[in-house]
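Enquirer: Sharing a structure here in structure tokens format.
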Amino acid sequence: MNTATTLQSFVDEFLAERHRLGFASRSMGYALRSFAAYVDDLQMTGPLRIEVMARWARCPKNASDDPLTWARRLKLLRPFARWFRQFEPGTEVPDNATFGSVAQRLAPHIYTEQEISDLLAAAHRLPPPLRGATYETLFGLLAATGLRVSEAVHLLDRDVDLKSGLLQVRQTKFAKSRQVPVHPTTLVALRRYATLRDCEVGVTEEMPFFVATRGRRRGCALCLRHVRRIFQDLREELGWVNRGAHAAPRVHDLRHAFVVGRILRWQEEGVDIDQQMLALSTYVGHANVTNTYWYLSAVPELLARAA
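The sequence shown begins at 861 in our numbering and counts up by one.
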């Protein structure tokens, strides 16, 4: 690596190329920029070595002593290392030998209908009324459609057709867009929220569907970090017992609960699940139908039903 060209510039070029190809690389981008800053601070030259990548993955600034976390960080560097070989042929590509393999996806917490009802009731009690209505409707939409929380937060008002009950989800994960029809009861809840919101916040052409309600951000899009913090507060208030393999129930598990609930109902109705899985995969925006089939082998509720 030429000392006149920082690794950060190579990272920027790599991420720009991935973006042109339609890849969303947010997590990878954070990791690569952190790694580039680490390497540039060392004023290294020449090919990248696994030893340096491993030191970055477990350095104290990353605040983790978990080898699994180190392995995940190292995995994020692999595509860049392969790409960087065209400039430094001696660059090494990390494999599973350093910290072991990255574990398979962890089983999620699958919410019961009672837990979802309790969550929506707790959200409804948040003051003032518009704030409570925002989070009650947001969490209800996630549970009723399986949307990713980022997809719901980034919905614009014009993306939600309150006449036909159709959501336009634009350029989300894997650079895909899709239309998501909602159940009539969900549509009633969306209309009720929109009516209250329009009375409280000035309507603009590019306004988000779900709006923040406090301070300077009033009327602006919700912050994902804030949504997760509100969910965490409500989760602790409700005192749920964690049934998943993650540290605690997550807002993203509402998406998992939707998929599992749909499959369980198909089983009860005697529906041929194999014939319906592609439709379900398309509805929730999975890149491959195998991502939807994963639930059949990894979620305790479905494994118990199969047994």
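Positions of the beta carbon are idealized from the N, C-alpha and C atoms, including for glycine.
1) Among E1060, P1068, G1025, which residue has its Cα nearest to the Cα of R1051?
2) Does the Cβ-Cβ distance between A896 and L928 come in under 8 Å?
3) Considering Cα atoms alone, identify which of Y995, D1017, R1018, L1022 is closest to V1009.
4) Tell me the rounded alpha-carbon separation between D1113 and I910.
5) Find out if the Cβ-Cβ distance for the pair V1071, C1083 is shorter than 8 Å.
6) In angstroms with no decimal places, state the Cα-to-Cα distance between R1115 and Q903.
7) In or out: P987 buried (at least 16 other Cβ within 10 Å) or exposed?
8) Give me the residue from G1099, D900, D1132, V1042 with the minimum Cα distance to L1007.
9) Just the Cα atoms here: how many angstroms apart are V871 and R1110?
10) From which residue to which residue does the alpha helix (DSSP H) around P927 run?
11) What did DSSP end up calling R1089 once you bin it into helix, strand or coil?
12) Count the other CB atoms, across all protein chains shown, that sit within 10 Å of the CB of R942; report buried if there are 16 or more and exposed otherwise.
13) Is the region 1090-1106 close to the region 940-955, with three or more CB pairs under 8 Å?
14) Nearest to L1138 by alpha carbon, out of E1128, G1145, V1149?
15) Anyone know if the C-beta pair for V1159 and A967 falls short of 8 Å?
16) Ignore the nearest five residues each way along the sequence and tell me which others in F1118's own chain have a CB closer than 8 Å to its CB.
17) Taking all protein chains shown into account, do 16 or more other C-beta atoms lie within 10 angstroms of the C-beta of G906, making it buried, or fewer, making it exposed?
18) Can you give the Cα-Cα distance for V1102 and E1161, rounded to whole angstroms?
19) When you compare only the Cα positions, how much space is there between N956 and R965?
20) Provide the residue span of the alpha helix (DSSP H) that contains R1122, from first to last.
21) Helix, strand or coil for L1027? Go by DSSP, reduced to three states.
22) Can you find a heavy atom of the ligand PLP that lies under 7 Å from the Cβ of P988?
23) Less than 8 Å separating the beta-carbons of L980 and F999?
24) Please say whether R1038 and T1142 have beta carbons closer to each other than 8 Å?
25) On the DSSP bridge assignment, give the partners of L1016 in chain order.
26) Judging by CA-CA distance, which residue of L934, D925, D926 is the nearest neighbour of V912?
27) Tell me, please, which residues DSSP counts as bridged to D1021.
28) In the DSSP assignment, find the unbroken beta strand (DSSP E) run with Q1039 in it and report its ends.
Expert: A quick look at the data gives this:
1) It is G1025 whose Cα lies nearest to the Cα of R1051.
2) With contacts defined by Cβ atoms closer than 8 Å, A896 and L928 do not form a contacting pair.
3) When only C-alpha atoms are compared, the closest one is Y995.
4) Spanning the alpha carbons of D1113 and I910 requires a straight line of approximately 35 Å.
5) Contact: no.
6) Between R1115 and Q903, the alpha-carbon positions lie close to 44 Å from each other.
7) Around the beta-carbon of P987, fewer than 16 other beta-carbon atoms lie within 10 Å, marking it exposed.
8) Distances from the CA of L1007 to each of G1099, D900, D1132, V1042 were compared; the closest alpha carbon is that of V1042.
9) V871 and R1110 have their C-alpha atoms some 32 Å from each other.
10) From DSSP, the alpha helix (DSSP H) with P927 extends over 927-944.
11) In this structure, R1089 counts as helix in the three-state DSSP scheme.
12) Its Cβ having fewer than 16 others within 10 Å, R942 is exposed.
13) When Cβ pairs closer than 8 Å are counted between the two stretches, the region 1090-1106 is seen not to touch the region 940-955, the count staying below three.
14) When C-alpha distances from L1138 are compared across E1128, G1145, V1149, the shortest belongs to V1149.
15) Taking a C-beta distance under 8 Å as the contact criterion, V1159 and A967 qualify as a contact pair.
16) Excluding sequence neighbours, F1118 sits near L1002, A1003, A1004, T1005, G1006, V1144.
17) Counting Cβ neighbours within 10 Å, G906 comes out exposed, since fewer than 16 surround it.
18) Reading the sequence as shown, one finds Asn at residue 1102 and not Val. N1102 and E1161: Cα-Cα distance of roughly 14 Å.
19) Those two C-alpha atoms are separated by around 16 Å.
20) That run of the alpha helix (DSSP H) goes 1113-1129.
21) L1027 falls in the strand class under three-state DSSP.
22) This structure lacks the ligand PLP, and indeed carries no ligand of any kind.
23) In this structure, L980 places its C-beta atom within 8 Å of the C-beta atom of F999.
24) Yes, the pair counts as a contact, with Cβ atoms nearer than the cut-off.
25) When beta bridges are read from the DSSP output, L1016 appears opposite P1068.
26) Checked all of L934, D925, D926; the closest Cα to V912 is L934.
27) Its beta-bridge partners are L1026.
28) 1038-1041 is the span of the beta strand (DSSP E), which, as asked, contains Q1039.
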